[in-house]
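Heads up, the final residue of the sequence shown is numbered 88 in numbering that gives the first Met the number 0, and it's a clean run with no missing numbers.
Encoded as structure tokens, the structure appears first; notes follow it.
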Amino acid sequence: MAIADLVMMEAVLEVVKAVMILAIIATNLQILDPLKEESLETEALNSMMMEANTVKKQNLAGEESQRSDREATVYNRFVNSTKYSGGSA
0 MAIADLVMME AVLEVVKAVM ILAIIATNLQ ILDPLKEESL ETEALNSMMM EANTVKKQNL
60 AGEESQRSDR EATVYNRFVN STKYSGGSA
């Protein structure tokens, strides 16, 4: 559960970063056209969503790798136990 909390915190920080960048751009350009501002918002949100999806995929891949490692360990223990017990586990 702690990993999920860290992933969520990282996603929130990405949102904050995207909003700050958008605010700086809007201020620097002194945007008066609402359509241009909306397109910048969409671009920032799309970027943030792609980053959040990447983080989520990396998290899932890490969990899958850990599960695979555990399964391999259990299998190896079983194989080793049959070697030393004369074939009966």
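All C-beta atoms, glycine included, are put in the ideal place defined by N, C-alpha and C.
Fair warning: this is a prediction, and the values are worked out from it, not measured in the lab.
Euclidean distance between Cα positions of residue 13 and residue 65: Here residue 13 corresponds to residue number 14 of the sequence shown, with the count starting at 1. Here residue 65 corresponds to residue number 66 of the sequence shown, with the count starting at 1. For residue 13 and residue 65, the gap between their C-alpha atoms comes out near 26 Å.
Residue of 83, 69 and 57 minimising C-alpha distance to residue 9: The residue given as residue 9 occupies position 10 in the sequence shown. Comparing Cα-Cα distances from residue 9 to each of 83, 69 and 57, the minimum goes to 57.
Cβ contact check for the segment 13-26 and the segment 38-53: 3 or more pairs under 8 Å: Three or more Cβ pairs closer than 8 Å define a contact, and the segment 13-26 meets that threshold against the segment 38-53.
Rounded separation between residue 2 and residue 47 - CA only: Position 3 of the sequence shown, counted from the start, is the residue given in the question as residue 2. Position 48 of the sequence shown, counted from the start, is the residue given in the question as residue 47. Going by the C-alpha atoms only, they are around 19 Å apart.
Residue 60, buried or exposed, once every other Cβ within 10 Å from all chains shown has been counted against 16: Taking the sequence shown and counting its residues from 1, one reaches residue 60 at position 61. Answer is exposed; the Cβ neighbour count stays below 16.
Assigned exposure category for residue 17 - 16 Cβ within 10 Å defines buried: Position 18 of the sequence shown, counted from the start, is the residue given in the question as residue 17. With 16 or more Cβ atoms within 10 Å of its Cβ, residue 17 is classed as buried.
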